Amino acid sequence: MKNHYFAGIFGVSLLFFSLNAKAQMQDVTAMTQQRDVLKLHTELMDRQISLEKEKQNNAKILGKTEGLNSQSERKTDKFSSSDPDSTAKDAKKTAKLLKQTESANRELDKSNNRIANIEGEIKKLQVKLEKLRYTVDIKEK
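Numbering (mature numbering (1 follows the signal peptide of the UniProt record, and there is no 0)), first residue to last: -23 to -1, 1 to 118.
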């Protein structure tokens, strides 16, 4: 009789222990999913901040580039063959200006590429977050 009594108590305690462990395991998985969502959300915010900074930088570069482009267009049209000395000097100045313009255009292109890359990363992060939103509910206070 005592053996049956102890076996019953042992079985019931084992049942409660396994149910408690299962509940704790569900809590742990929910917490890890929430942690992953928060990490992705933080990364998304960082990317959005860097995107805004790059857009501001791009606007500055664009203004500089537009000015150089218009200057280059004006300078390249005004060569005359009447005075070879001044034409050579003007050609050197124009070549220097064209190099600056080319450099500014390259810088603008790099900035545009960085913006496109950051936007692509943001889209990927948003897709990952949407997949995780089905499994984790974030409560806002």
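Glycine residues also receive a C-beta, built at the ideal position from the N, C-alpha and C atoms.
These numbers come from a predicted model, not from an experiment.
So the alpha helix (DSSP H) residue i belongs to, where does it begin and stop?
i          : result
residue 62 : 61 to 110
Excluding the 5 residues flanking residue i on each side, which residues of the same chain have their C-beta closer than 8 Å to its C-beta?
i          : result
residue 35 : 85, 88, 89, 92
Taking C-alpha atoms, which residue in the options lies nearest to residue i?
i           : options        : result
residue 75  : 64, 47, 61     : 47
residue 104 : 9, 7, 14, 8    : 14
residue 94  : 28, 80, 63, 22 : 28
By how many angstroms is the C-alpha of residue j removed from the C-alpha of residue i?
i           : j           : result
residue 77  : residue 107 : 45 Å
residue 102 : residue 110 : 12 Å
residue 67  : residue 51  : 12 Å
residue 41  : residue 82  : 9 Å
residue 71  : residue 99  : 42 Å
residue 19  : residue 25  : 10 Å
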